[in-house]
Every structure is written in C-alpha cells, then in structure tokens.
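Residue numbers (the working numbering), protein chains in the order written: chain A, 1 to 290; chain B, 291 to 580.
Glycine included, each C-beta is placed from N, C-alpha and C at the ideal position.
Keep in mind that this is a model prediction, so the values were computed, not measured.
Here the structure is laid out as structure tokens; the discussion comes afterwards.
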C-alpha cells in the first residue's frame, strides 16, 4: 500500500477484501476507477495481428483524459502494449482502461498527484451470428432513460451503471439491442451501439452533446459516408424520428454495421443506404488496421 | 483468473496492468465495480470502537443491492468485519464497497452468476476544523449540473464522476462545499453532503427522486427533527429556495451538521433551527453507535 505523496491519514490503515485482510493490497484496491468510475475505456477490435482504427481510439482516449483532467502521458507505452497484445492473434478484442490511478487522499476531489493506471485485457473474438449483419436485428426502446450531463457527453467513461441496467432489461428477450432515450426525450444510442436513422434522403445520427458515447465506428461510418458522397447530420433526434425512419442501423467497433429489422413490433427492411455503407465499410473492417 | 462459470471466450486470455503482464491478476482486475461502477458504497463513521448508525448504513446498502439486483447475501459476514475493524479505534472511518463482483462475461449485461465483492478500507479520522460546526462554512453553486435518472436516484452507487468533477471545481477556492443543481434546475445536495433549507418555519430538504444520494445523516437529522417536534418536508427545491432561505445547513455521516454561513457572496447566519438540531444531534454523534 504505497502512495508516496499521500498524507498518512489519507491512506487506509487496514484493507479487507472478501473477508481477508489484504496485507499487500492489490494496486487496484485504492484505484479511483473502482471507487468513482474515474476513468475511461476503449474496446479495440484486432484483426490479423493489428488493432483496428487505433488512431481513432487513442484520439478519443486522449480527448477524454483532457476533458476529465486525467494526466495520462503514457500513450507511447500504451500503444506498444496494444501492438504487442494484438500481434499474433488472428482476431481478438482488447479492452483498455485508463483511470486517474490510486487515490492519494480520501474523497472525490482529484489531488493532481495521482499516477494514472492503465489496464489492458485481451479477449477472444466472440462467436458471431452472420444473420445480424445480413438480415438485421430486432430492437426495443429501453424503459430506462439516460441522465443528461454535457460534461460527460460523448466520453467512454467508466460510469456505466445506466447501461448495465438498460442491458439487464433485455435479458431473456428476443431483442438484440435497446435504443435509449434521454431524460428530456432525446434519442441517444443503443446500449453498446450508436444509431443512425435514414429519413428520405437524409442520414442522421443523434448529436451527443448531452449524453451518450461517441463511438469509434460511428466516426468511421461518417467517414465512409463522406467518401460515398453522403452527408450524415448530427442532429437532436427523438422517438418520432425512430417511428418515421425508413432505415435504421447500429454501429459498434466490433460489429461494424447492423441493420435494424424491427423496432419492437414495427418491422423495417434493411434499406439501400444501410447496404451501401455496409459494402463500403466491409473492406475496412476485414482488411485494414487503419 | 478463475471465473468458473464463465464461457472460455468470455474471460481474458491476457491481462496487463501498467505495462506488466498480470500472470495472477488481482481479483479486482475483472471486477464490474472497476469496469462499470457496478456497485455501491458506504462511508461509516466509527467512535469508541463502534460503527455509528450501522443499521441505517446496512439498510441503505441492502436497498441499493435490491434496486440494482446485486445478489449480495453476506450481510452477517460484512457486519462482523465492520465490527472487527471498528473495534479498537477511538475514531475511524470505514469505507465499504459492495460490487456485483468479477465479470463472468464481456459486456454490460449482468449474467446473474456473479459473486459480489466486498471491500472494506479503514482510514484515520481526518483532522477537523471546529469552526465549520461552530461558525459554518461558505459554499458556492457548482457549475456542473447533475444528470437525472430516477433508477439511480438516492443510491450511493459507484458512478461518481459527476462528483469528482464538481469537487474539482472547488480546488484552490475558499469554499468548503458546492451546492449541486440538476439538469432540470432542481436543488439536489452538496458534493459530499445533503442540504437542508429553512424558510420561515418550514424545514425542507430536496426530494431525491431524480438524482442525489440519500445520506445517512440526512435520515438521522430527519429523525432528530421529529424527536424535536419539527417537520422536515422532502420537496422539489430550486435555486430560488437557496436564495430566499433563512437558514441552510449541510449533513454528512462524519461531520453531522455544518451550518452554511455564506452562499457565494450572500451571507447567512447559523439560525435557531440549525442550532437546535445540532444540539439534539451532538450526543448521538459523540456517545452513541446507534
């Protein structure tokens, strides 16, 4: 339990984990990621030994650290570690957490002398149902409504209880995903995806200025659309836009694009814009670590 | 890295913490408390070897587990551990965390087979400035506005980034605390305290149905008020109530009651209701572990 710069009364003099005294407590016992969710994460898809869209992931992480004033400087080391863990795996998922580090004092206030932690976990690529990409998925509207806080909007931070609860709503249902509205009725995203709606010739995705995570695949799809000569508008959307949409699709760093084939009882057909973007995206997902 | 009930592809096949491969990773590496803030905490003041208001803390924790569907059953063990850690210390603070436990699968969804973790940290009682209780403290209105989510309202859960940011606003200022409004303009609490306002003969505290933590000392003070024959109303309050209040005071499990002597540039005098409740409370705080 070393926290060199802490005042003696600010570090615990005893720590018990699951009933056992932790004489040499894990470095994570005091971590502000655990205590407050004071950190950020990225989920990086790796193909052919390379992390996909790594520059985008690192840019978002850097922006998050900046906005939360987490003094994380170890980007070169992190990038090397990600490369090492991605290498040798034909397909893998890396989850990267960066937190403000071990608390150097009691209480919420950052002291400014914390040393950020970085944690990387590598997972096998999960089994996939090709029908999700081909035929689309059925979604529902979540009962849970997201709170709105512009200070956290867009960040992939570690305060994810709302998504835990929203995801728990899906348990035992036939829905692959739930669309989330915010407390003021704004459409935000899915629980693990971003959402795009096509209304006539317009492609729109929720503006994420009040809540939600600005996904990497959301960014990549907007780039792909631009290369196709299509304009995606970031706009304040609501339930009515879901109800009148001609096409809806979901994006996520691992899955790419999933068409939505039903919103609750309303059926949709994966449409031409969705298919065009899927086609544009496919080589990027399969071949490239961009 | 044992998670017996997980599918093989749902547990990481490599974990690196701060650049080192964690061959026998800490049990917290996979904890959903760290990954999602999927858990709860209590800060328990101990005096004369006994945890103060323990029954209230355990009741709130149980309610939180119920609302988040965290299947924590080890209350007898937890209570014994709290008693053991409190014993022998004239004054101490215990921080208790209960999380849903190590993830047994990737992603937000609880699987139902998690085994909750419990972590207890004991801290020395911090130095106190007796003027806070006697003369009161100066507070400001935080710039940050809390998001509203009734599903999380009242709970002392581990998603505390908003409070980290709100607390950071106070750095280098002469204010001891900041009052928080919510995204819809409701008065909620301080960053580490609950708030009461006295308007004429009425004592009110914000109704915590949209956000905020239902503090143990808030509950105790309402009980103390009832024993004094005073009624405390839980009501939707706003900035205007702060501006017109005759008395304002803050509560917290460690400090008891702090009068507010100024809200930004507006000065207040610790008033008769505040003093009466402080007096009523004092023996409970000093003598009793109730």
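Item	Value
In the structure shown, what three-state DSSP assignment does residue 129(A) receive?	coil
Chain B partners of residue 31(A), CB-CB under 9 Å?	318 and 324
Per the DSSP calculation, residue 456(B) is bridged to which residue(s)?	Answer is none; residue 456(B) lacks a bridge partner.
Just the chain A side, please: which residues come within less than 7 Å of residue 454(B) by C-beta, in chain order?	36, 38, 108 and 110
For the region 478-503 of chain B, which residues have a CB atom closer than 9 Å to at least one CB atom of chain A, in sequence order?	481, 482, 500 and 501
Can you tell which of 473(B), 325(B), 575(B) and 311(B) has the C-alpha that lies nearest to the C-alpha of residue 158(A)?	325(B)
Would you say the region 271-281 of chain A touches the region 83-99 of chain A, given that touching needs at least three Cβ pairs under 8 Å?	no
Excluding the 5 residues flanking residue 264(A) on each side, which residues of the same chain have their C-beta closer than 6 Å to its C-beta?	140
Against chain A, does residue 543(B) count as a neighbour if the rule is that its beta carbon must be under 9 Å from one of theirs?	no
Name the chain B residues whose beta carbon is nearer than 7 Å to that of residue 18(A)?	407 and 408
Can a CB atom of chain A be found closer than 9 Å to the CB of residue 300(B)?	yes
What do you reckon, are the CB atoms on residue 120(A) and residue 94(A) nearer than 9 Å?	yes
Could you check which residue in 541(B), 556(B), 485(B) and 571(B) has the C-alpha nearest to that of residue 584(B)?	A query on residue 584(B) cannot be resolved here, the shown segment of chain B reaching from 291 to 580 and no further.
Residues in the same chain with beta-carbon distance under 8 Å from residue 27(A), minus the five sequence neighbours each way, listed in chain order, please.	102 and 117
If you draw a straight line from the C-alpha of residue 268(A) to the C-alpha of residue 550(B), how long is it?	58 Å
Of the residues 163(A), 270(A), 208(A) and 257(A), which one's Cα is nearest the Cα of residue 155(A)?	208(A)
Could you give the DSSP three-state label for residue 364(B): helix, strand or coil?	coil
Quick check on residue 247(A): does DSSP put it in helix, strand or coil?	strand
Nearest-angstrom Cα distance between residue 233(A) and residue 560(B)?	54 Å
Report all residues from its chain with a CB closer than 8 Å to the CB of residue 547(B); omit the five preceding and five following residues, and keep chain order.	423, 507, 511, 539, 540, 541, 564, 567, 568 and 571
Write down every uninterrupted run of the beta strand (DSSP E) in the region 258-285 of chain A whose length is 3 residues or greater and which is fully enclosed by it, in chain order.	none
Any beta-carbon of chain B closer than 9 Å to the one on residue 227(A)?	no
Mind pulling the alpha helix (DSSP H) runs of 4 or more residues that sit fully within the region 450-516 of chain B?	451-458
Of the choices 332(B), 336(B), 360(B) and 456(B), whose alpha-carbon is the least far from that of residue 348(B)?	332(B)
Return no unless some Cβ of chain A is closer than 9 Å to the Cβ of residue 331(B).	yes
For the beta strand (DSSP E) holding residue 346(B), just list the boundary residues, first then last.	Per DSSP, residue 346(B) belongs to no beta strand (DSSP E); it is in the alpha helix (DSSP H), 344-358.
How about residue 269(B) and residue 323(B): are their beta carbons less than 9 Å apart?	The displayed coordinates of chain B run from 291 to 580. Any statement about residue 269(B) would go beyond what the structure contains.
State yes or no: is the C-beta of residue 230(A) within less than 9 Å of the C-beta of residue 186(A)?	no
Roughly how many whole angstroms lie between the Cα atoms of residue 415(B) and residue 358(B)?	31 Å
Using DSSP bridges, identify the partner residues of residue 157(A).	40(A)
So is residue 129(A) buried or exposed if we call it buried at 16+ other beta carbons inside 10 Å?	exposed
Report the residue from 338(B), 330(B), 474(B) and 395(B) whose alpha carbon sits nearest the alpha carbon of residue 361(B).	330(B)
Would the beta-carbon of residue 428(B) fall within 9 Å of that of residue 464(B)?	yes
For residue 509(B), which residues in the same chain have their Cβ closer than 7 Å to its Cβ, ignoring the five residues on either side in sequence?	346
Whole angstroms is fine: what's the gap from residue 425(B)'s alpha carbon to residue 466(B)'s?	13 Å
Buried or exposed for residue 77(A), please, with buried defined as at least 16 other CB atoms from any protein chain shown within 10 angstroms of its CB.	exposed
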